[in-house]
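K.L.:
Residue numbers (our numbering), protein chains in the order written: chain Z, -16 to 95; chain C, 31 to 144.
Glycine included, C-beta positions come from ideal geometry on N, C-alpha and C.
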């Protein structure tokens, strides 16, 4: 039952370059998407979100793109910094107060 | 900055024992959640809690699990008789009432059942 898929378990990027993390979902009823970042021994930390009425949301170095027809979203980090090294989770929910549904995460390593 | 606090950070217990995991949500938040992450797997929803009652629960949250808000600050998850497969990271989360469903997570409790 993989409603949210992050098909790349890991990604390695050079410092200063762009990191692109991908996420696919199966249910077209999902209408809001979130990215969380997780460092070891810490809980997931909210990073950025996007509503299904938009196709792009930008916050500093972080931009999330949503392609509803493809049921695909991506998180772009530019420029990447060593402190961005973490596990990134894509998450979504159906509506209202329903629980978050998470992908398995992508481990990003930014190499100096 | 306000944060969700979880204790203990690591709990070791024998199979069949009861454990209580504790959480202090952010003070003005009204929705509370428990999630768990078994090693190598995705974060999974267990239960949500609002207005002093369970609002939703997953298939994982069976009769062995219970939640309680015993006072104005704590939110607890009790596992009555732990099994080996309950070993996981347990995360508490909370969110404010009117904001979009952005949940704020604690650092988690690692539960090891031996």
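By DSSP, does residue -2 of chain Z sit in helix, in strand, or in coil?
P.N.:
coil
K.L.:
Could you give the first and the last residue of the continuous beta strand (DSSP E) run that contains residue 42 of chain Z?
P.N.:
39 to 42
K.L.:
Report, in whole angstroms, the separation of the C-beta atoms of residue 146 of chain C and residue 50 of chain C, which I expect to be a contact under 8 Å.
P.N.:
One cannot answer for residue 146 of chain C here, as it falls past the ends of chain C, which runs 31 to 144.
K.L.:
In the DSSP assignment, what are the bridge partners of residue 125 of chain C?
P.N.:
C:61
K.L.:
Tell me whether residue 42 of chain C is buried or exposed, calling it buried when 16 or more other Cβ atoms sit within 10 Å of its Cβ.
P.N.:
exposed
K.L.:
Would you call the stretch 83 to 91 of chain Z and the stretch 79 to 90 of chain C touching, i.e. three or more CB-CB distances under 8 Å?
P.N.:
no
K.L.:
What does the alpha-carbon distance come out to for the pair residue 144 of chain C and residue 47 of chain Z?
P.N.:
42 Å
K.L.:
Among all the DSSP beta bridges, which residues are the ones paired with residue 120 of chain C?
P.N.:
C:66 and C:139
K.L.:
Is residue 0 of chain Z buried or exposed, if buried means 16 or more other CB atoms sit within 10 Å of its CB?
P.N.:
exposed
K.L.:
Using alpha carbons as the reference points, say which of C:131, C:92, C:65 and C:88 lies closest to residue 36 of chain C.
P.N.:
C:65
K.L.:
Below 8 Å, how does it come out for the stretch 28 to 45 of chain Z and the stretch 47 to 62 of chain C: are there three or more Cβ pairs, yes or no?
P.N.:
no
K.L.:
Decide if the stretch -16 to -2 of chain Z is in contact with the stretch 95 to 102 of chain C; the criterion is three or more beta carbon pairs, one per stretch, under 8 Å apart.
P.N.:
no
K.L.:
Short of 8 Å in beta carbon distance, which residues of its chain neighbour residue 39 of chain Z, apart from the five on each side in sequence? Order them along the chain.
P.N.:
33, 46, 47, 48 and 49
K.L.:
I'd like to know whether the C-beta atoms of residue 77 of chain C and residue 55 of chain C end up nearer to each other than 8 Å.
P.N.:
no
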